[in-house]
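Written below as structure tokens is the structure these notes are about.
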Amino acid sequence: MYFRLSACFAFVFTAWVVLLAGCQTPADDFAPPSTSATQEAAERPGSPIGAPLTQFPEGARSGAVVYVPVYSHIYHNDGDRRFKLAATLSLRNTDPRRSVTVASVAYYDSDGRLVREYLDAPLTLGPLVSRAYVVAVNDDTGGSGANFLVTWSADTDVSDPLIETVMISTASSQGLSFTGQAQVIQRLGEGE
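Per my numbering, the sequence shown starts with residue 14, numbered consecutively.
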């Protein structure tokens, strides 16, 4: 009896996960790439990154450029097969009292070429506000070594935003998910 209930629960849970994975309803905090920013990126592929990485706004007291790894696929079976992944970049303002401004959400491929910019204009994240940017499971333009460079700043001292990627795939009865952790590569005042 216990085995039948467990098997039934496993089947229902798996069906529920597959159903949710197939839903296409965008969440309120989901932000697709901007059309003009994506077109601009396409017109200048391979844009090199120079030093300094960015110019922070005048009057900014805190800010950073953050590198976040993205995997559009991972390899399996001795590297001869690819497992496609959908990736979500999550930007979370962790400060409960102050806003941060995100100047750029740039997506680069494995060769360091700019694929697309997700923002047309700076985005203000109020206290504890989050936004998500998705790279679809069938979008393999980034490759297995893709990344985001996210530039943020604030006009006062704030707690650093939490920035990470979540990669997920569900196929048949298999499911795979993991996160990518951000790394600060330039702080306000460094390399300007």
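Positions of the beta carbon are idealized from the N, C-alpha and C atoms, including for glycine. Predicted model only: the values in this text are computed from it and were never measured.
Boundaries of the beta strand (DSSP E) harbouring residue 121: 113-121, taken from the DSSP string. Of the residues 103, 94, 162, 71, the one whose Cα lies closest to the Cα of residue 123 is 162. Under the three-state reduction of DSSP output, residue 131 falls in the coil class, being neither helix nor strand. Secondary structure note for residue 200: its beta strand (DSSP E) is the uninterrupted segment 196-200.
Residue 86 and residue 96 have their C-alpha atoms some 5 angstroms from each other. Cβ-Cβ separation between residue 181 and residue 195: approximately 18 angstroms, too far for a contact (criterion under 8 angstroms). Counting only residues of its own chain and dropping the five nearest sequence neighbours on each side, residue 201 has a CB closer than 8 angstroms to the CB of 69, 73, 74, 75, 76, 77, 166. The segment 124-174 is shown to contain whole beta strand (DSSP E) runs of 3 or more residues at 127-130, 136-138, 143-148, 159-167, in chain order. Collapsing the DSSP output to three states places residue 76 in a strand.
Under DSSP, residue 177 forms a beta bridge with 103, 194.
Contact annotation: residue 120 and residue 147 have beta-carbon atoms that are not nearer than 8 angstroms. Residue burial is scored here from C-beta neighbours: residue 187 has fewer than 16 other C-beta atoms within 10 angstroms and is therefore classed as exposed.
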